Amino acid sequence: MAKGVNKVFLLGNVGKDPEIRSTAGGTIVASFSLATADRAKDQQGNWQDKTEWHNLVAFNRTAEIIRDYVKKGTQIFVEGKIQTRSWDDKESGQKKYRTEILVNEMSLLGGGPGRGEGAGASASSGGYSRSNTSSFDQRTPAAQPDYADQGITDDDIPF
């Protein structure tokens, strides 16, 4: 039996341009923040948006893709795992902690500079592929099905 699952899926927008660096061993590292949004009704019934910020880190080929294609505002989908690092702060002597998402796979979404609308890219430890993530047929739309009045109103929906 599995001892546990540590898997994260996030879809959001990059908060600022990624920080790219290399380790002493030559491993490329990309660090950046990702904003995800959640929407819920408050006690008065008004919709409220809540933004959650996540710290992400990627290595090797995925970090190279991030370096080349990701900047502030880029919408991405990532799959990874949560990890918490700790270190001793040299100035204060206190132990510091940082919880991050270690990116295993990433997909660029939407259009953007250098990418046409609907063009996307994917990166993982296995490599990089660029694909068209959506296609749009501009011909006459298909006829909509005729649903008879089923007696359901907005008040019947629990959210």
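Mapping to this note's numbering: the sequence shown position 105 is 91, numbers consecutive.
Note that the Cβ used here is the ideal one computed from N, Cα and C, for glycine as well.
Only a predicted model underlies this, so the values are computations on that prediction, with no experimental measurement involved.
Should residue i go down as buried or exposed, given a rule of 16 or more other Cβ atoms within 10 Å for buried?
i	result
L(-3)	exposed
A49	buried
M(-13)	exposed
V64	buried
V(-9)	exposed
Report all residues from its chain with a CB closer than 6 Å to the CB of residue i; omit the five preceding and five following residues, and keep chain order.
i	result
G79	none
I'd like the list of long-range same chain contacts for residue i, defined as Cβ closer than 7 Å, with 5 residues on each side in sequence excluded.
i	result
W39	G1, S19, A21
Note the first and the last residue of the continuous beta strand (DSSP E) segment covering residue i.
i	result
D24	14 to 27
A44	33 to 45
E77	That residue, E77, is in no beta strand (DSSP E); it is neither H nor E in DSSP.
N(-1)	-6 to 0
When DSSP labels each residue in this structure, what does residue i get in the three-state scheme?
i	result
T85	strand
T48	helix
K67	strand
To the nearest whole angstrom, what separates the beta carbons of residue i and residue j, a pair I think is in contact under 8 Å?
i	j	result
A44	V(-6)	Between V(-6) and A44 the Cβ distance is about 13 Å, and since that is not below 8 Å, they are no contact.
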